[in-house]
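Engineer: Dumping the structure here so I can ask a few things about it.
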Amino acid sequence: RYRVRFWARVDVPREFQVAFYRPGATFTFLGGPPGFFESQIRMAAAVGVHFVSFPVGLPWPAPGEAEDWSGVDAACEAVLRENPEALLLPRIPMDPPPWWQSAFPDEIMRWDDAPAKAHRGVAVVASPRYRRDAGRRLDALVRHLEMRFAAHVAGYHPTGQNTGEWFYEDTWGRALNGYAPADLTAWRQWLRARYRTDAALRTAWHDPAAALNAAVVPTPAARRAAPVGVFRDPRTQKPLLDWAEFQQHAMADCVRDFARVVRGATRGRKLVVFFYGYGFEFGAVPTGPATSGHYALRRVLDSPDIDVLCAPISYFDRGPGGSAPAMTAAESVALAGKLWLNEDDTATHLSSGTFPGHTEKVSTLAETNALLLRNVGQAALRNFGTWWMDLGATGWFNDPGMWAAMTRLNALDAPLLDRPAAFRPEVAAVLDERSALHVADGGDVATRPAVYEARGALGRMGAPYGQYLLDDVTRGRVRGAKLYVFLDAWALSGTQRADLLRATRGSTRVWCYAAGYIDGDRHSTDGMRQLTGFAVRTATGGRARAVPTARGRRLGLRQPFGVEAAVRPLFAASDARPEETLATYSDGSAAVALRQTPSGRSLFVGVPGLTSELLRLAARAAGVHLFTEDDCSVYAQAPFLVVHAAANGPVRIDTGRTGPVRDLLSGKVVGRGPSITLPPLRRGETRLLRY
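With my numbering applied, the sequence shown covers 2 to 692.
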């Protein structure tokens, strides 16, 4: 017997429960009242939500020890007790146990700041031993669950690396990984597969001493060097570009390997789910996007063994008034025949702690429901899946009022399920994975505004947009777009430039910061000219800041934008005529210019970053239908429209159609199209309309 004393302090009034668990591979419940987990399962079941995502352990016994499935079984049984109709989606941690780490220390990740982070228990994803051993344990777990709970298991969700999301541990920090012996072995194998001979390696690296069997992982000093600014020098820093690509392939191939295991163990009958592909989100990584390992999405999409990819809703712009953007090229995921799923870990009025997104916490049920309606509405119209994530495991969604609001969304879900349609927006935001590999340490001075924060402007422009990979555009898979926004088309071959211009002929193209600058193993302003239609020169105006001209102001540009800091490289449109120049640098050179070219309108944007004003200007030039010219988030799939207010005040809507406009939840007519004005909305308020 034990006597236990404890104290607690909470930030809001809440129900408080105490329970006891036995630690192990999973925590086994020993005693106490039903908790928030059980309560939320019951609330979900009551409104017809039966999929349940929950953690289980991965039994990984040492040699000679017996497998213990009791914790895994108990976790599944706990869900089924609360909802016998539940469809289980267990999350499976793939990190190796301590005994394995001790037995195989060369397979455990190491960082350049050892010994501070020398041992975190995270395996090298490129290690064949790790993939083999972890794969065997995954296979055993799946087969066990198929034997015990097959009728209830919907699928499997293996997790690993940083927060289980298959990006390299400590991506957001300053330490650099890749210094375990297993990394070196895999790196040399990758180089041999790519170059085959020392002669080919020496030519590519411009290094007469390079040898496949003697190649080393680039030093921390080399990886942190940025001699020419935002981008790597493709001639002198080719080993760094190869290393970046190797790290993407290693992570993607690890994901593919574990997916193949699950597919085989279930004989192809269950969903296979992974976190991966945060290409828009990792534009803000200080050491460069490639540090994450998430820039081989196409490689993952090509796997026949993966059904669902997922991520949290972006931690940028997710609060009241925000646009809740996706982390990935979500529409490219759909084009590949897979489902994108948003993990909605919104900080509700019941949330607690300092988890990611906690600064966006709201204080009332009404404010919570406004965010959830926005999030689920977007998911429905863009054909996403979504789940609500109690990130703190303290009852963030433990309120019947949230689930009651969910039932009202049947008015949106039912007709979309009856008549499903592909999401084909008129605006395409385009990301190039290979270009992201060229960003140097510190390059986030440009990539944060150019890629990560650009979603805020896209979300407020007044028209829905889709997120695509560049190769889907070059292959002609993106249909219906009138406006293409190329966020990072920095490193393109001549063939890619030609394919891109041909595929988007007749459309309006927005060329964001340094488009076309990297051509093979050289930097090329001629490549920029071929792509943008403007002659380009290096800007000398200091800060990467664009100030609207009189012409720009007449077209709707009111505010300067860009970056307060100096950015290298920085470019101006040197042959832009006065009537084409919409904004200038401090030296008077053209920072933003719009030109009619033989193949379509071209908008050159020299500074990193975009504004909703600039995108509306481009949309009007492209003939895109703008549902509103007020800053607010708009998601649309005819005849449905979701509006989320970015500020207090009325919102003017142009549906583009005559006839009544109804509030989808109340059924009341709020006006007659095509032009209506919604009564003043509060910042963060969401309206669902049918027009």
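Beta carbons: idealized from backbone N, C-alpha and C, even for Gly.
Kindly confirm or deny that the region 291 to 305 and the region 448 to 466 touch, where touching means at least three C-beta pairs closer than 8 Å.
Structural biologist: Result no; under three Cβ-Cβ pairs closer than 8 Å.
Engineer: Spatial neighbours of residue 307 within its chain, please: C-beta separation below 7 Å, excluding the five flanking residues on both sides.
Structural biologist: Cβ neighbours of residue 307 beyond the five flanking positions: 260, 273, 275, 301, 339.
Engineer: So, are the CB atoms of residue 322 and residue 637 less than 8 Å apart?
Structural biologist: No, the pair does not count as a contact, with Cβ atoms beyond the cut-off.
Engineer: With burial defined as no fewer than 16 other Cβ atoms inside 10 Å of the residue's Cβ, what is the status of residue 639: buried or exposed?
Structural biologist: Residue 639 should be labelled exposed.
Engineer: Is the beta carbon of residue 429 sitting closer than 8 Å to the one on residue 482?
Structural biologist: Going by C-beta atoms, residue 429 is nearer than 8 Å to residue 482.
Engineer: Within 8 Å of any Cβ in chain C, is that where the Cβ of residue 541 sits?
Structural biologist: Judged by its chain identifiers, the structure shown contains no chain C, having just a single protein chain.
Engineer: Measuring straight from C-alpha to C-alpha, what distance separates residue 132 and residue 183?
Structural biologist: Roughly 12 Å separates the two Cα atoms.
Engineer: Runs of 4 residues minimum, wholly inside the region 437 to 486: which ones carry the alpha helix (DSSP H) assignment?
Structural biologist: Qualifying alpha helix (DSSP H) stretches, in chain order: 445 to 448, 455 to 460, 471 to 475.
Engineer: When we look at the beta-carbon of residue 491 and count the other beta-carbons within 10 Å, is it buried (16 or more) or exposed?
Structural biologist: With 16 or more Cβ atoms within 10 Å of its Cβ, residue 491 is classed as buried.
Engineer: Between the Cα of residue 359 and the Cα atoms of 335, 316, 565, which residue gives the shortest distance?
Structural biologist: Here the closest residue by C-alpha is 316.
Engineer: Measuring CB to CB, does residue 673 end up less than 8 Å from residue 662?
Structural biologist: Yes, Cβ-Cβ distance for residue 673 and residue 662 is below 8 Å.
Engineer: Cβ of residue 598 within 8 Å of Cβ of residue 591?
Structural biologist: Contact: no.
Engineer: Looking at the structure shown, is residue 117 part of a helix, part of a strand, or coil, going by DSSP?
Structural biologist: Because the pLDDT of residue 117 is 49, which lies under 50, any placement of that residue in the model is unreliable, and the question is left without a value.
Engineer: Buried or exposed: residue 7, going by 16 or more other Cβ atoms within 10 Å of its Cβ?
Structural biologist: The residue in question, residue 7, is exposed, as its Cβ has fewer than 16 Cβ neighbours within 10 Å.
Engineer: When the Cα of residue 246 is compared with those of 191, 686, 382, which residue comes out closest?
Structural biologist: That would be 191, whose Cα lies nearest to the Cα of residue 246.
Engineer: Nearest-angstrom Cα distance between residue 55 and residue 667?
Structural biologist: Whole-angstrom Cα-Cα distance: 34 Å.
Engineer: Does the contact criterion of 3 or more C-beta pairs under 8 Å hold for the region 509 to 529 versus the region 593 to 610?
Structural biologist: Judged by Cβ distances under 8 Å, the region 509 to 529 makes contact with the region 593 to 610, as three or more pairs qualify.
Engineer: Can you tell me where the beta strand (DSSP E) with residue 62 in it begins and where it stops?
Structural biologist: Unbroken run through residue 62: none, as it is neither H nor E.
Engineer: Does DSSP classify residue 344 as helix, strand or coil?
Structural biologist: The answer is strand: DSSP assigns residue 344 an E or B state.
Engineer: Kindly list the residues whose CB is nearer than 7 Å to the CB of residue 299, restricted to its own chain and excluding five residues on each side of it in sequence; keep chain order.
Structural biologist: Taken in chain order, the residues that qualify are 434, 470, 472.
Engineer: Grouping DSSP H, G and I as helix and E and B as strand, with all else coil, what is residue 247?
Structural biologist: The answer is helix: DSSP assigns residue 247 an H, G or I state.
Engineer: Going along the chain, which residues of its own chain have a beta-carbon closer than 6 Å to the beta-carbon of residue 500, five neighbours each way excluded?
Structural biologist: Counting only Cβ-Cβ distances below 6 Å, and skipping sequence neighbours, we find 475.
Engineer: Whole angstroms are fine: how far does the CA of residue 53 sit from the CA of residue 45?
Structural biologist: For residue 45 and residue 53, the distance between alpha carbons rounds to 9 Å.
Engineer: Report all residues from its chain with a CB closer than 8 Å to the CB of residue 198; omit the five preceding and five following residues, and keep chain order.
Structural biologist: 213, listed in sequence order.
Engineer: Could you compute how far the alpha carbon of residue 26 sits from the alpha carbon of residue 413?
Structural biologist: For residue 26, the predicted model reports a pLDDT of 44, less than 50, meaning its position is unreliable; a value from the coordinates is still stated below. Residue 26 and residue 413: Cα-Cα distance of roughly 41 Å.
Engineer: Based on the DSSP output, what are the partners of residue 497 in its beta bridges?
Structural biologist: Residue 497 is not bridged to any residue.
Engineer: Going by CA-CA distance only, name the one from 494, 548, 374 that's closest to residue 522.
Structural biologist: Out of 494, 548, 374, 494 has the C-alpha closest to the C-alpha of residue 522.
Engineer: Hey, out of 688, 39, 223, 498, whose CA is closest to residue 442's CA?
Structural biologist: It is 223.
Engineer: Do the region 344 to 353 and the region 382 to 401 touch if we need at least three Cβ pairs shorter than 8 Å?
Structural biologist: The region 344 to 353 vs the region 382 to 401: in contact.
Engineer: Taking the DSSP output, what are the residues bridged to residue 660?
Structural biologist: DSSP, once it has assigned bridges, lists 674 as partnering residue 660.
Engineer: Beta carbon of residue 465, beta carbon of residue 426: below 8 Å?
Structural biologist: For residue 465 and residue 426, yes; Cβs fall inside 8 Å.
Engineer: Between the Cα of residue 77 and the Cα atoms of 420, 68, 502, 92, which residue gives the shortest distance?
Structural biologist: Per the Cα distances, 92.
Engineer: Shortest alpha-carbon distance to residue 264 belongs to which of 394, 139, 161, 170?
Structural biologist: Answer by Cα proximity: 139.
Engineer: Quick check on residue 146: buried or exposed, where buried means 16 or more other Cβ atoms within 10 Å of its Cβ?
Structural biologist: That one is buried.
Engineer: Could you pull the DSSP bridge partners for residue 597 from this structure?
Structural biologist: 602, per the DSSP bridge assignment.
Engineer: Taking all protein chains shown into account, decide if residue 158 is buried (16 or more other Cβ within 10 angstroms of its Cβ) or exposed.
Structural biologist: Classification for residue 158: buried.
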